[in-house]
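Residue 406 in my numbering sits at position 241 of the sequence shown, with consecutive numbering throughout. We put the beta carbon where it would ideally sit given N, CA and C, even for glycine. Everything below concerns the one structure shown next.
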Amino acid sequence: MSNCRQYPAFAEKLGFSRQSAYDTSDTLGLNTVGVALIDTSTVISGGQPKTYRHPSWDDAGHLGPIVVDWDGNAYTVPTPKVALYNNPIELQNRVMKIDSATGVMTELLRLPTSVKPSQANPYGTLGLTIDCETRSLYVATVYGSDRDREAGRIFRIDLSTSTPRITSEIDGVDAMGLAVFKGVGARRLYFGSVRTPLIRSVILDDKGDFYGGARDEASLAGVFGNGEDKARRIAFTAGEMQIRGIEFNFNLEASREKTENRYAFAYQAATDSWKLTSVSAVEKSAQ
166 MSNCRQYPAF AEKLGFSRQS AYDTSDTLGL NTVGVALIDT STVISGGQPK TYRHPSWDDA
226 GHLGPIVVDW DGNAYTVPTP KVALYNNPIE LQNRVMKIDS ATGVMTELLR LPTSVKPSQA
286 NPYGTLGLTI DCETRSLYVA TVYGSDRDRE AGRIFRIDLS TSTPRITSEI DGVDAMGLAV
346 FKGVGARRLY FGSVRTPLIR SVILDDKGDF YGGARDEASL AGVFGNGEDK ARRIAFTAGE
406 MQIRGIEFNF NLEASREKTE NRYAFAYQAA TDSWKLTSVS AVEKSAQ
């Protein structure tokens, strides 16, 4: 549902190939804060791929998931890695935008909050996905939640006009991975629960706003390892739901470097349900 993304115009002007990709995980081990553009098709001195970092790309500290829209604009959210030094907790409820034409990163908007941030929870925004058909950006935040209180929200941001605005929200839900899928019925936003190994979904109306309550779609409970993985990333390809699962305990030190397990579920159109087809441990993952 998000394959409409276009290559950013500024990257093309800088001579980066279309194999280039944004990296918010410091893949090259350069202690990068924020985001870097990496062109794996071009190797420079020292054997490293060609990279680019705009001066504004570290303004929001360490960043988490990043998505690109139909005009080449990118959206990302602040996500701490190992400490809060670069990510003040009171600034972790923001959505950032990298302009396709200029490459400049600015704050798109701040998500509304109903509770104060919890010192027991270093995280704010965690999940992010884009839906091309309705020009929607979905963002999940656990701002204000802790081990005992579920205060998270999922927001729909309308990107169809020059002034992005929040048009719909789900309250009291702590979620991480987000993705949109349309099966035999309605289009649905899928989200991975932060508190349980469940993957759930909610119906989206024609505009992309939330409609009705959530339902359970799949579970990672008891499937692999300690059986307590949470869905960090969700993606759909050709009738398959691909999930990256990690341990998550609202603790930076605990989730700094965990084994990332990958799960695949096949869509069963006859019953509008999912069947687990494979699972494997792949790599260490920095949340």
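Quick check on this structure: which residue in 276, 313, 273, 260 has the alpha carbon closest to the alpha carbon of residue 286? The residue labelled residue 286 in the question sits at position 121 within the sequence shown. For the residues 276, 313, 273, 260, the minimum Cα distance to residue 286 belongs to 313.
Report yes if the C-beta distance between residue 242 and residue 259 is below 8 angstroms; otherwise report no. Sequence index remark: in the sequence shown, residue 242 carries index 77 (1-based). Sequence index remark: in the sequence shown, residue 259 carries index 94 (1-based). Contact: yes.
Anyone know if the C-beta pair for residue 227 and residue 194 falls short of 8 angstroms? Locating residue 227 in the sequence shown gives position 62, where the first residue counts as 1. Locating residue 194 in the sequence shown gives position 29, where the first residue counts as 1. Against a cut-off of 8 angstroms, the Cβ pair of residue 194 and residue 227 comes out as no contact.
Per-residue DSSP class, three states only, for residue 178: Walking along the sequence shown from the start, residue 178 turns up at place 13. Of the three classes helix, strand and coil, the one that applies to residue 178 here is helix, per DSSP.
Pull up the distance between the alpha-carbon of residue 396 and that of residue 256, whole angstroms please. Your numbering for residue 396 matches position 231 in the sequence shown. Your numbering for residue 256 matches position 91 in the sequence shown. Computed Cα separation, rounded: 24 angstroms.
CA nearest to the CA of residue 171, picked from 232, 409, 403: What you label residue 171 is simply residue 6 of the sequence shown in a count that begins at 1. Considering only alpha carbons, the answer is 232.
Starting from the Cα of residue 443, find the closest Cα among 436, 398, 389 and give me that residue. Stepping through the sequence shown from its first residue, residue 443 is reached at position 278. Selected option, being the one with the closest Cα: 389.
Answer yes or no: does any C-beta atom of chain C fall closer than 8 angstroms to that of residue 328? Among the chains in the structure shown there is no chain C, since it carries only a single protein chain.
For residue 391 and residue 325, the rounded distance between their alpha carbons: To locate residue 325, count along the sequence shown from 1; it is residue 160. To locate residue 391, count along the sequence shown from 1; it is residue 226. Approximately 43 angstroms, taken between the alpha carbons.
Three or more C-beta pairs below 8 angstroms linking the segment 398 to 415 and the segment 365 to 379: no
State the start and end residues of the unbroken beta strand (DSSP E) segment that holds residue 395. As a working note, residue 395 is residue 230 in the sequence shown. 395 to 402 is the span of the beta strand (DSSP E), which, as asked, contains residue 395.
Roughly how many whole angstroms lie between the Cα atoms of residue 421 and residue 385? Position 256 of the sequence shown, counted from the start, is the residue given in the question as residue 421. Position 220 of the sequence shown, counted from the start, is the residue given in the question as residue 385. Bear in mind that a pLDDT of 45 at residue 421, under 50, signals an unreliable position, so the number given afterwards is only what the model happens to contain. Rounded to whole angstroms, residue 421 to residue 385 spans 21 angstroms at the Cα level.
Counting only the same chain and skipping the five closest in sequence on each side, list residues whose C-beta sits under 8 angstroms from that of residue 182. Here residue 182 is taken as the residue at index 17 of the sequence shown, counted from 1. For residue 182, where only same-chain residues beyond five positions count, the Cβ hits under 8 angstroms are 204, 206, 207.
Assigned exposure category for residue 349 - 16 Cβ within 10 Å defines buried: As a first step, residue 349 must be located in the sequence shown, where it is residue number 184. Exposed.
Could you give the DSSP three-state label for residue 230: helix, strand or coil? In the sequence shown, the residue the question calls residue 230 occupies position 65. Residue 230 falls in the strand class under three-state DSSP.
Closest to residue 292 by CA distance: which of 251, 345, 379, 439 is it? For the purposes of this step, residue 292 is taken as the residue at position 127 of the sequence shown. It is 345.
As assigned by DSSP and simplified to three states, the class of residue 439: Numbered from 1 along the sequence shown, position 274 holds the residue referred to as residue 439. Three-state result, residue 439: strand.
Give me the Cα-Cα distance between residue 337 and residue 244, rounded to the nearest whole angstrom. Numbered from its first residue, the sequence shown carries residue 337 at position 172. Numbered from its first residue, the sequence shown carries residue 244 at position 79. Near 20 angstroms, if we compare the C-alpha coordinates of residue 244 and residue 337.
Could you check which residue in 364, 321, 284, 368 has the C-alpha nearest to that of residue 382? Taking the first residue of the sequence shown as 1, we reach residue 382 at position 217. Among 364, 321, 284, 368, the Cα nearest to that of residue 382 belongs to 364.
Please say whether residue 173 and residue 225 have beta carbons closer to each other than 8 angstroms? Walking along the sequence shown from the start, residue 225 turns up at place 60. Walking along the sequence shown from the start, residue 173 turns up at place 8. Cβ atoms of residue 225 and residue 173: not closer than 8 angstroms.
Every unbroken beta strand (DSSP E) within the segment 263 to 303, with a cutoff of 3 residues, ordered by chain: 270 to 275, 290 to 296
If you run the structure through DSSP and keep just helix, strand and coil, what is residue 254? The sequence position of residue 254 within the sequence shown is 89, counting from 1. Looking at residue 254 - three-state DSSP - the assignment turns out to be helix.
What do you get for residue 275, buried or exposed, if any count of 16 or more other CB atoms within 10 angstroms of its CB means buried? For this step, residue 275 is matched to residue 110 along the sequence shown. When all chains shown are included, residue 275 counts as exposed.
Using the beta-carbon count (16 or more within 10 Å), is residue 296 buried or exposed? Working through the sequence shown from its first residue, we reach residue 296 at position 131. So residue 296 ends up on the buried side.
Is the beta carbon of residue 317 sitting closer than 8 angstroms to the one on residue 304? What you label residue 317 is simply residue 152 of the sequence shown in a count that begins at 1. What you label residue 304 is simply residue 139 of the sequence shown in a count that begins at 1. It is not a contact, given that the beta carbons lie outside the stated cut-off.
Bridge partners of residue 344, per DSSP? Position 179 of the sequence shown holds residue 344. Bridge partners of residue 344: 355.
Measuring alpha carbon to alpha carbon, tell me which of 282, 323, 299, 321 ends up nearest residue 310. Counting from one through the sequence shown, the residue named residue 310 turns up at place 145. The shortest C-alpha separation from residue 310 is found at 282.
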